[in-house]
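Enquirer:
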C-alpha cells in the first residue's frame, strides 16, 4: 500500500535534484531564465510597492476592480486604433482605471450603497461591457483577444518575444523592458513624492487643511496603479496581478512598522518570490506565474508563522521566569 | 452679526458669514455668522450632532458649503492655510499606520515645504521642541500604535504646535484623555493664548468648558450664542442649545448652583 502511494507521488511530484532544478536553468538556458525571473521581479516589485499604499488606504479591492475593468479599455483601444502598441495600451489602461475609480466614488456618493458594493458594481459592469464588445468584435472581424491570456497571462512566453535592439545592443523582450520602466518609474515617483503620498495616505484631513490637493494624489496613484497592472497583464494576467498587489505588502507589514522599511522589504520579497517561484515552476513543471504567486504567499505564511512562534516562545520563557521568581 | 471687539486695520482671525453646510441635502449647519477676535480662546459647545466638527471642517474647506463664506485673516482659507493649525479627532487616523511619533509631528511642517521637498534640520528641531513641550520627546521613535490615548492626543497637539500657526482649530482634543493629560493640554492652550494666538476648540463637557475658555460658542445646528464666557453661560442660552434634555439641564442647574454657592 505504502509502495503504491509512493509510486503515485513520484508521478505527481517530479523528483527534486539540485542539478536539474537549480543549476540547469541558469547554465543551459541562462538568457531564457533571466528574462523570466527579471519579469517576475519587476511585476512583483512594481505591484507590491503600489500595493503598500493601497493596503494603508484600505483600497485593496480597488486594485482588483481596476485589473478587471482594464479589459474594456484594452478592447475599446484596440477597436479604435487597430493595434496594441504601448501608448494605446497605457492610455486605455489609465483612462479605464480612472473611470473605474470615478464610477465607484460617484455611486458611493450619490446613493446609500456602501463602498465595497460600489466597487463590485463598477468593475463587474465594466468587465462585462468589455466581454460583450469583445465577443461582438470577434464575430464582425478578424479580432481575437485570448480571454485565458488576459486572466492568467503566461510569463514563460516572455523570452520568446522578438528582442528589442538598439544598434549593437540587445536590450531585451519588449514586455520586460516596459514592465522594468514602469517599475523604475514607480520607485522614482515614490522616492520623489514620498512626503506627499505619506501625508495624504495617513491623514487626508490634515493634508487638505495644509493645502494639499488630495484628489490629485488619489487619482494620480490610481493612474499609476492602472499602468502597473496593464504592464503586468502579459506576464501574470489579471488575477495573479491582484495577488502581487496584496501579498508583498502583507509580508512587509510583518517585518517593519515604518513605511520606508515596508517598501524595502517589499522589494526583497519580490526578489525572493520571483527567483524561488521560478525554480518551483521548473521543479514541478507548472505555470511559472502561478508558482511565483504561491511562493510569494508561502513566504508571507512563513514569516507570519515565525513571528507567532517567536512571540509564543517569548511568552513561555517569561512565564518560566515568573514561576521561578514566585518560587523564590 | 455677532461681533466681539474687532479693529478695522487688522482683519479678524476668523470671519464666517451665513455659513450653511448640508450632508446629502440634509442641512447640519444653518446660517452661521461669526467674527472671532484675535487672542480669543473659544470653546465650541453643543449637543451631539450639533455640527461642532462640521463647523471646523467647513471653515477649513474640507466640506463643500451650501452657502456663505469664510475668511481667515481677511483672506480665503487657501490663501491663509499656512496660518491655521489643525488638530483632527483622534479617531480620524489609523493608529496602526507604519509611522513613528517624530514623523507624525514632522507632518506639521509639511505645509511649509515645496512639492517633493523633504523636511530639513530646522524642521526636525522645531518638531523636537514641540514634542518636548507636550513631554513626548522620549517617545519620538515609538510606533504610534504603541501609545496610550492620552499620549496619542499629545502627539497630535505637538504636530499642530509644529505648524507654528496663528489660528488653531481643534476637534475634541480632550476626548479619551486622563485628567493629568487634560490639565497639561489646557496649560499648553493657555500658553498659546498668551502668545496672542487664537484658538477654537470643540469641547463636549459643559462644566469644564466654562472654566477653560474665555469665549464660548453655543451651537445647535444654528449659532445659539457667541461671546465672552461670563455673558454667554446663562441658563436661557444653555436651554436653547441643549433643548429639553433633562440630564444636561440638571447638570447645568448643578453647575450654576455651585457657582452661586461659591459666591
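Chains as they are written, first to last, in the working numbering: chain A, 32 to 359; chain B, 605 to 867. Virtual Cβ for every residue (Gly too), placed ideally from N, Cα, C.
Residue 685 of chain B versus chain A: which residues are under 8 Å apart at the beta carbon?
Expert: Correct list: 240, 241, 242.
Enquirer: List, in chain order, every chain B residue whose beta-carbon is nearer than 8 Å to that of residue 234 of chain A.
Expert: The contacting residues are 692, 696, 697, 711.
Enquirer: With three or more C-beta pairs closer than 8 Å as the rule, is the region 71 to 88 of chain A touching the region 275 to 282 of chain A?
Expert: Result yes; three or more Cβ-Cβ pairs closer than 8 Å.
Enquirer: Where residue 335 of chain A and residue 286 of chain A are concerned, what is the direct C-alpha to C-alpha distance, given to the nearest angstrom?
Expert: About 9 Å.
Enquirer: Which whole-angstrom value is the C-beta distance of residue 748 of chain B and residue 757 of chain B, which I expect to be below 8 Å?
Expert: Residue 748 of chain B to residue 757 of chain B, Cβ: 11 Å. No contact.
Enquirer: Please identify, using Cβ separations under 7 Å, the residues of the region 134 to 166 of chain A that lie next to chain B, in order along the chain.
Expert: Per Cβ criterion, the list is empty.
Enquirer: In chain order, what residues of the region 204 to 229 of chain A put their CB closer than 9 Å to some CB of chain B?
Expert: Answer in chain order: 223, 224, 225, 226, 227, 229.
Enquirer: Do we get a CB-CB distance below 9 Å when we pair residue 237 of chain A with the residues of chain B?
Expert: Answer yes: the Cβ-Cβ gap between residue 237 of chain A and chain B drops below 9 Å somewhere.
Enquirer: If you drop the 5 nearest sequence neighbours on each side, which residues of the same chain put their C-beta closer than 6 Å to that of residue 606 of chain B?
Expert: Residue placement at residue 606 of chain B is flagged as unreliable, the pLDDT there being 45, under the threshold of 50; a coordinate-derived value is accordingly withheld.
Enquirer: Does the beta-carbon distance from residue 759 of chain B to residue 708 of chain B come in below 9 Å?
Expert: A contact, by the Cβ cut-off of 9 Å.
Enquirer: Consult DSSP for residue 289 of chain A and reduce its assignment to one of helix, strand or coil.
Expert: Residue 289 of chain A: coil per DSSP, three-state reduction.
Enquirer: Please list, in chain order, all residues of the same chain as residue 187 of chain A whose beta carbon is under 7 Å from its beta carbon, the five residues on each side excluded.
Expert: Same-chain partners within the cutoff: 67, 319.
Enquirer: Could you say which of B:803, B:679, B:682, B:734 lies nearest to residue 706 of chain B if we only look at CA atoms?
Expert: Residue 706 of chain B has its Cα closest to that of B:734, out of B:803, B:679, B:682, B:734.
Enquirer: Taking only beta-carbon atoms, is residue 652 of chain B less than 9 Å away from chain A?
Expert: So, not an interface residue.
Enquirer: Between residue 755 of chain B and chain A, is any beta-carbon pair separated by less than 9 Å?
Expert: Output row for residue 755 of chain B: interface = no.
Enquirer: Could you spell out where the beta strand (DSSP E) holding residue 621 of chain B opens and where it closes?
Expert: Looking at the DSSP string, the run of the beta strand (DSSP E) that includes residue 621 of chain B is 618 to 627.
Enquirer: May I have the straight-line CA-CA distance separating residue 618 of chain B from residue 233 of chain A, to the nearest angstrom?
Expert: Distance between the alpha carbons of residue 618 of chain B and residue 233 of chain A is about 28 Å.
Enquirer: By Cβ distance, which residues of its chain are closer than 6 Å to residue 644 of chain B, with the 5 residues on each side in sequence left out?
Expert: Correct list, in chain order: 802, 819.
Enquirer: Below 9 Å on C-beta distance, what does residue 704 of chain B contact in chain A?
Expert: Going along chain A in sequence order, the residues near residue 704 of chain B (Cβ under 9 Å) are 288, 289.
Enquirer: Go ahead and pull the three-state DSSP assignment for residue 280 of chain A.
Expert: Note: residue 280 of chain A maps to helix in three-state DSSP.
Enquirer: Given a cut-off of 9 Å on the beta-carbon distance, is the pair residue 100 of chain A and residue 137 of chain A in contact?
Expert: No. Outside cutoff.
Enquirer: So who's on the other strand from residue 830 of chain B, going by DSSP bridges?
Expert: Residue 830 of chain B pairs with B:821.
Enquirer: To the nearest angstrom, how far is the alpha carbon of residue 833 of chain B from that of residue 811 of chain B?
Expert: Their backbone Cα atoms lie some 12 Å apart in a straight line.
Enquirer: If residue 345 of chain A sits next to residue 327 of chain A, beta carbons under 8 Å apart, how far is it from one beta carbon to the other, in whole angstroms?
Expert: With 8 Å as the limit, residue 345 of chain A and residue 327 of chain A do not qualify as a contact, their Cβ atoms being about 28 Å apart.
Enquirer: To which residues of the same chain is residue 338 of chain A closer than 8 Å at the C-beta, ignoring the five residues directly before and after it?
Expert: 285, listed in sequence order.
Enquirer: Helix, strand or coil for residue 48 of chain A per DSSP?
Expert: Three-state DSSP puts residue 48 of chain A in coil, outside helix and strand.
Enquirer: Counting along the chain, where does the beta strand (DSSP E) carrying residue 689 of chain B start and finish?
Expert: That run of the beta strand (DSSP E) goes 688 to 691.
Enquirer: Could you tell me which chain B residues have their CB closer than 8 Å to the CB of residue 87 of chain A, listed as they occur along the chain?
Expert: The contacting residues are 698, 701, 702.
Enquirer: Who are the near neighbours of residue 304 of chain A in its chain, counting only those whose CB is closer than 7 Å to its CB and skipping five residues on each side?
Expert: 75, 323, 326, 327, 330.
Enquirer: Taking Cβ positions only, does residue 708 of chain B come closer than 9 Å to chain A?
Expert: Judged by the 9 Å Cβ criterion, residue 708 of chain B is in contact with chain A.
Enquirer: Is residue 311 of chain A a contact residue of the ligand FAD, with contact defined as CB to any heavy atom under 8 Å?
Expert: The model on display carries no ligand, and the ligand FAD is accordingly not part of it.
Enquirer: Do the region 52 to 62 of chain A and the region 213 to 231 of chain A meet, that is, are 3 or more Cβ pairs less than 8 Å apart?
Expert: Result no; under three Cβ-Cβ pairs closer than 8 Å.
Enquirer: Would DSSP call residue 206 of chain A helix, strand or coil?
Expert: In the structure shown, residue 206 of chain A sits in a helix (DSSP, three-state: H, G or I).
Enquirer: Could you tell me whether the Cβ of residue 714 of chain B comes closer than 9 Å to any Cβ of chain A?
Expert: Yes, residue 714 of chain B lies at the interface with chain A (some Cβ there is under 9 Å from its Cβ).
Enquirer: I believe residue 160 of chain A touches residue 92 of chain A by the beta-carbon criterion, under 8 Å. Please report the beta-carbon distance rounded to the nearest angstrom.
Expert: Going by Cβ atoms, the distance from residue 160 of chain A to residue 92 of chain A rounds to 19 Å, so no, they are not a contact pair.
Enquirer: In chain order, what residues of the region 642 to 670 of chain B put their CB closer than 9 Å to some CB of chain A?
Expert: Against chain A - using a Cβ distance shorter than 9 Å - the residues of the region 642 to 670 of chain B are 661, 664, 665, 666.
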